[in-house]
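The numbering of the sequence shown is the UniProt record's numbering, which starts it at 1 and goes up by one.
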Amino acid sequence: MFKGPLLEMALRRLSAFATQIKRRSLALPMRYAHRLPPSPLTSDDNENDFICKYEAYFNRGEIDGWEVRRALDQLHGMDLVPDPRIINAALKACRRINDYALAVRCLESVRFKCADNLDKFWPYIYQEIQPTLEELGVETPEQLGYHKPELALKSVYDM
1 MFKGPLLEMA
11 LRRLSAFATQ
21 IKRRSLALPM
31 RYAHRLPPSP
41 LTSDDNENDF
51 ICKYEAYFNR
61 GEIDGWEVRR
71 ALDQLHGMDL
81 VPDPRIINAA
91 LKACRRINDY
101 ALAVRCLESV
111 RFKCADNLDK
121 FWPYIYQEIQ
131 PTLEELGVET
141 PEQLGYHKPE
151 LALKSVYDM
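Listed below in structure tokens is the structure:
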């Protein structure tokens with residue numbers, strides 16, 4: 001069927017194709033290309049350094065919504081209630097990116113982190129962040145009615 005130059009050309013192309021496949025299969029795979037670089041915010045420094053790092057991170061002029069959410073997620077994942085200075089910086093960052101909902105969610109998160117000590121921690125935090133809230137025009141979850149579930153049924157234990 002195939003004779004002479006046509007057969008030689010087909011064999012050369014097939015050989016070149018096989019060589020390419022062999023090269024690809026021998027190439028080393030890229031490792032950890034999908035992972036994010038380690039965050040500069042997670043460290044075991046003293047408390048003041050920790051607060052200063054987060055303040056500096058939130059006060060960056062070029063911060064975007066993803067970075068604000070990432071830092072808030074990291075804060076929420078830690079076993080601590082954020083300092084009011086960090087909360088103020090986060091609220092101002094939310095204002096710079098023009099995300100009112102994120103500012104309210106930040107406050108909800110802080111209130112949730114107070115958990116069993118809500119009556120001790122939240123009044124102090126609110127007292128410290130109130131000037132920033134007034135400056136930015138952000139209302140607290142209590143003022144918006146978000147401190148209790150909107151469509152929740154009454155508990156059978158409260159009846």
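C-beta atoms are modelled at their ideal positions from N, C-alpha and C, and glycine is treated no differently.
When only Cα atoms are considered, Y57 and L151 end up about 37 Å apart. In the three-state DSSP reduction, Y100 falls in the helix class (H, G or I).
Cβ-Cβ separation between I51 and D83: approximately 5 Å, consistent with a contact (criterion under 8 Å). The DSSP-derived three-state label of S15 is helix. The Cβ atoms of K92 and T132 lie closer than 8 Å to each other. Between C106 and A90, the alpha-carbon positions lie close to 8 Å from each other.
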